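A short write-up of the structure that comes next.
Residue numbers (my numbering): 4 to 318.
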C-alpha cells in the first residue's frame, strides 16, 4: 500500500494510476492511498491509510493499563468524515476483519496526530465498549500508572453517563483491575470487604470480617516460580494464624463469578469470617516472636560462655 504522493514522486503519473485502476491492478481504498487489488493490509497499515489512531482498549492495553479480557481486534479512532466515507466495509475489503472504527464524538475534540491515543483520550473512547464496573478498574489502573486523579475527574464533563458514574466510584486502594472488579461485585452483593489490609508481614487483597482473606491472582500472575511459591507460603502462614484464605484466578472472576461468589457466601454462612479456624492459634505471630527472642537470648548466653573460657584457662 502506497500514498498517492509517493507514487507520483517515484515517476508514476495520474494517467498511469487511472489506467491501473481501470485494469483492476490496483484499487484506491480511500483518497490519497493506492493498494494492489486483493492485498491484505495489516491493521497498522489500515490505521495509517485512513489517518486514524489506535484507541479504546487497544490503546489502553498498549500503555500497560489494565483492560477487561479478552480484547478482540484493534479499535481505531477516526474523524467523522473518514468514518462516514470509509467505514468498516473498506477494511473488510482488504482482509482487516479484526478492526473497529470509532468516530470522533461531537461533544469533545482531540487531534488525531499520533499512531496511538494517550490514555485519557483512549478511555473517553472506551465508554461504549467497557462495562461500568470494568471502567472503574481501568481508571484505577490509570491512577496506579501515575495519571492524576484531577485529570481523570476532568473527563466527567465529556461523559455520556457511564464514565461519569465510574469516576464517582473510584477507590485507589486496589492493587489490580481484577481486585477492583471483585471489590465492586462484593459491594453489590452487600458483602463488606476491606482492600489491602496488612496482616503481620503480609498485605492481603481483601478482608471480609476479621478472618476471611480473599486473594485475586492477576492475568499474568505466577510469571515465575518465585511468585508462585511466595503466594503459597503466604497462604500457609495466614492459615496458621487462623485465617481462612480463598484464592481466585482471573478466570474465576471473569468467567465463573457466580460460582466464586457462592463459595464466598458458603464460607461466610459457616461463620469463618467472624472467627479463626478451629484449633488455630491466633497469637501465632506473638508466640513466634517470643521463640525467636528466646533463641537469641540462648545464643547470647552461649557467646558469653565462650568468651569466659580463655580466662578460666589462664587462672
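By construction, the Cβ of each residue, glycine as well, lies at the ideal position given by its N, Cα and C atoms.
Since we're looking at a predicted model, the values are computed, not measured.
Residue 231, DSSP secondary structure in three states: helix
The ligand FMN and residue 24: does any heavy atom of the ligand fall closer than 7 Å to the residue's C-beta? As for the ligand FMN, it is missing from this structure, which has no ligand bound.
When you compare only the Cα positions, how much space is there between residue 66 and residue 219? 22 Å
To the nearest angstrom, report how far apart residue 229 and residue 238 are at their CA atoms. 14 Å
DSSP bridge partner residues for residue 82 (one or two, in chain order): DSSP lists no partner for residue 82.
Let's see if you can read the secondary structure: which residues bound the alpha helix (DSSP H) around residue 167? 165–171
So, with DSSP's three-state summary, where would you put residue 300? helix
Where residue 144 and residue 262 are concerned, what is the direct C-alpha to C-alpha distance, given to the nearest angstrom? 26 Å
Going by C-alpha distance, which of 102, 154 and 15 is nearest residue 126? 154
From residue 96 to residue 258, what does the alpha carbon distance come to, in whole angstroms? Any answer about residue 96 is weak, because its pLDDT of 49 lies below 50 and its placement is not dependable; what the coordinates show is given next. Between residue 96 and residue 258, the C-alpha separation is close to 34 Å.
At the level of alpha carbons, what is the spacing between residue 225 and residue 231? Per-residue confidence for residue 225 stands at a pLDDT of 45, beneath the threshold of 50, marking its modelled position as unreliable; the derived number appears in the next sentence. Each residue's alpha carbon lies about 5 Å from the other.
Who does residue 250 pair with in a DSSP beta bridge? 218
For residue 64, collect the residues of the same chain with a Cβ closer than 8 Å to its Cβ; drop the 5 residues on either side in sequence, then sort them by chain order. 70 and 74
Would you check if the distance between the CB atom of residue 138 and the CB atom of residue 169 is smaller than 8 Å? yes
Grouping DSSP H, G and I as helix and E and B as strand, with all else coil, what is residue 26? helix
Are the beta-carbon atoms belonging to residue 60 and residue 136 less than 8 Å from one another? no
Leaving out five residues before and five after residue 110 in sequence, what residues of the same chain have Cβ atoms less than 7 Å from its Cβ? 161
By the DSSP assignment, the beta strand (DSSP E) with residue 211 in it spans what residues? 205–211
Who pairs with residue 77 in a beta bridge, going by DSSP? 102
Are the CB atoms of residue 335 and residue 276 nearer to each other than 8 Å? Coverage of the chain is limited to positions 4 through 318, which leaves residue 335 absent and any answer about it impossible.
From this set, 141, 269 and 175, which residue's C-alpha is nearest residue 165's C-alpha? 141
Spatial neighbours of residue 212 within its chain, please: CB distance less than 6 Å, with the 5 preceding and 5 following residues excluded, ordered by chain position. 276 and 277
Using 8 Å as the threshold, is the C-beta distance between residue 55 and residue 119 below it? no
So, with DSSP's three-state summary, where would you put residue 194? coil
Please report the straight-line C-alpha distance between residue 167 and residue 271, rounded to a whole angstrom. 34 Å
Does DSSP classify residue 13 as helix, strand or coil? coil
With a threshold of 6 Å on Cβ separation, who are the neighbours of residue 175 within its own chain once the five nearest residues in sequence on each side are excluded? 146
So, helix, strand or coil for residue 96, using DSSP? Low confidence applies to residue 96: its pLDDT is 49, below 50, so where it sits in the model is not reliable, and the reading given next is rough at best. Residue state, collapsed to three classes: helix.
Residue 200 by DSSP, collapsed to three states: which one? strand
CA-CA distance, residue 7 and residue 35? 5 Å
Buried or exposed: which applies to residue 333, given that a residue is buried once 16 or more other Cβ atoms fall within 10 Å of its Cβ? Absent from the model: residue 333. The displayed extent of the chain is 4 to 318, so no value can be given.
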